[in-house]
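Enquirer: By our numbering, the letter at position 70 of the sequence shown is numbered 526, and the numbering carries on one by one without gaps.
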Amino acid sequence: MTRQQHGNDGAEARRPRVDFAQAVPKAFKALIGFDAAAREGLDPALVELVQIRSSQLNKCAYCLHMHTSDARKAGESEERLHMVAVWEEAAHFFTAKERAALALTEAVTLVAQGGVPDEVYERAARHFEEAELARLLALICTINTWNRIALSTGKVPGTDER
Numbered sequence: 457m458t459r460q461q462h463g464n465d466g467a468e469a470r471r472p473r474v475d476f477a478q479a480v481p482k483a484f485k486a487l488i489g490f491d492a493a494a495r496e497g498l499d500p501a502l503v504e505l506v507q508i509r510s511s512q513l514n515k516c517a518y519c520l521h522m523h524t525s526d527a528r529k530a531g532e533s534e535e536r537l538h539m540v541a542v543w544e545e546a547a548h549f550f551t552a553k554e555r556a557a558l559a560l561t562e563a564v565t566l567v568a569q570g571g572v573p574d575e576v577y578e579r580a581a582r583h584f585e586e587a588e589l590a591r592l593l594a595l596i597c598t599i600n601t602w603n604r605i606a607l608s609t610g611k612v613p614g615t616d617e618r
């Protein structure tokens, strides 16, 4: 039986968690600023792909819903959105630059599982100029931070409060 069949889907038993933006507005605004600076000059489609992949890896349904919705609004195809989770097996859906960014996203998001291999970093460095690569790294760090905030504060997918 599922939790819903048992009458416990977790929602009714869950106590409200801290509203991060309201509780620490300076930290929230700083993170918004960091996120905006990271995105600056990066291809918006690439930004969404990175945020989607990191959110998938972190199992953050709230951020995954938000970024797939944003990607659709920006004109991303359903076909590519469905392939992000299996981008290595569906390489022809993505450019070499996007694949390099997705590989770096996975390595940084899963950094505790083996660091960022030289090959992955060097592959990204071949496709991104130094400042662009630094912004990509910053973007990966921000989405990982947003994922952790959303997961630890119990954000509900589909309730995008931006």
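All residues carry an ideal CB built from backbone N, CA and C; glycine is no exception.
Can you give the Cα-Cα distance for GLU562 and PHE476, rounded to whole angstroms?
Expert: Residue numbering aside, residue 562 sits at position 106 when the sequence shown is read from its first letter. Residue numbering aside, residue 476 sits at position 20 when the sequence shown is read from its first letter. Rounded to whole angstroms, GLU562 to PHE476 spans 26 Å at the Cα level.
Enquirer: Exposed or buried, which one is GLY463 when buried takes at least 16 other CB atoms within 10 Å?
Expert: Translated into the one-based positions of the sequence shown, residue 463 becomes position 7. Confidence at GLY463 is low in this model, with a pLDDT of 42, below 50, so the placement of that residue is unreliable and no value is reported for it.
Enquirer: Taking only beta-carbon positions, decide if ILE508 is within less than 8 Å of chain C.
Expert: The chain labelled as chain C is not found in the depicted structure, where only one protein chain is given.
Enquirer: Pull up the distance between the alpha-carbon of PRO472 and that of PHE484, whole angstroms please.
Expert: Stepping through the sequence shown from its first residue, residue 472 is reached at position 16. Stepping through the sequence shown from its first residue, residue 484 is reached at position 28. Distance between the alpha carbons of PRO472 and PHE484: 19 Å.
Enquirer: Figure out for me which residue from ILE508, GLN569 and LYS515 has the closest Cα to the Cα of LEU607.
Expert: If you number the sequence shown from 1, residue 607 lands on position 151. Here the closest residue by C-alpha is LYS515.
Enquirer: LEU505 and LEU558: beta carbons closer than 8 Å?
Expert: Residue mapping note: residue 505 aligns to position 49 of the sequence shown, counting from 1. Residue mapping note: residue 558 aligns to position 102 of the sequence shown, counting from 1. Yes.
Enquirer: State yes or no: is the C-beta of ALA494 within less than 8 Å of the C-beta of ALA594?
Expert: By one-based count along the sequence shown, residue 494 stands at place 38. By one-based count along the sequence shown, residue 594 stands at place 138. In contact: ALA494 and ALA594 (Cβ atoms closer than 8 Å).
Enquirer: For LEU537, which residues in the same chain have their Cβ closer than 8 Å to its Cβ, ignoring the five residues on either side in sequence?
Expert: The residue labelled residue 537 in the question sits at position 81 within the sequence shown. Answer for LEU537: ILE508, THR524, ALA527 and ARG528, listed in chain order.
Enquirer: Looking at PRO613 and ALA517, is the spacing between their C-beta atoms short of 8 Å?
Expert: Taking the sequence shown and counting its residues from 1, one reaches residue 517 at position 61. Taking the sequence shown and counting its residues from 1, one reaches residue 613 at position 157. It is a contact, given that the beta carbons lie within the stated cut-off.
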